[in-house]
Each structure stands twice: as structure tokens, then as C-alpha cells.
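Heads up: the structure comes next, in C-alpha cells.
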Amino acid sequence: MKKIMLSVVAVMCVAGFSSLSFAEDMGKMKGEMEGMKGEMGEMKGEMKEMKGEMKGKHDEMKGEMKSMKGEMKDKMKGKHDEMKGEMKGMKDEMKGEMKGDKGK
């Protein structure tokens, strides 16, 4: 009976120490997880910063494209007006020739 009691007490002691050890391990893991959360927060901040920079570059490029489009539109409009004037001159010239031919 003594041996059984000693065995039971020994098992209880081992179980008690192992549960303390388990609780200690869980505490360490909790600390590590909190540390990882902090790192993740920093990474999120960096990602947001990078995203902001990329958006700024995109907006800048978009502005440049709009200005280039405006310049090209102005050039094309100038050429169009120039061609229109030339065509009007040719038209008037042809009208004059046609009237001249009819008069003969």
C-alpha cells in the first residue's frame, strides 16, 4: 500500500511540475506572439507608406500625360486650322477657275 501511495504521490508531483512547466511555456509563447504583432504593425505601416508613394508617382505620371495630351491636341488643332485655311484657298482658287472657264 505504501508503494502505491508513493507512486500516486510521485505521479501527482510530476503532473504538477509538468503543468507549471506548460504554463510557463504558454507564457513565453504569448510574449513571442505579442512581439510578432508589433513587427506586423510596423510592416503594415511600411506597406501603407509604400502604397502612398506609389499613388503619388501614379498621380504625377497621370498629370504629365494630361499635359502631353493637351500639347498634342493644341498642335493638332493648329495643323487642322492651317490645313483648313489651305483648303479654303484652294477651293476659292478652283471656284475662280470654274467661273473663268464658264465665262469663255
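With positions in the sequence shown counted from 1, the corresponding number in our numbering is that position plus 350. Cβ atoms here follow ideal geometry from the backbone N, Cα and C, with glycine treated the same way. The structure displayed is predicted, hence computed values, not measured ones.
- Here the alpha carbons of residue 421 and residue 407 stand approximately 21 Å from one another.
- Sequence-distant Cβ neighbours of residue 418 in its own chain, meaning closer than 8 Å and more than five residues away, do not exist here.
- Going by C-alpha positions, residue 439 is about 12 Å away from residue 431.
- In the structure shown, residue 351 adopts coil according to DSSP, grouped into three states.
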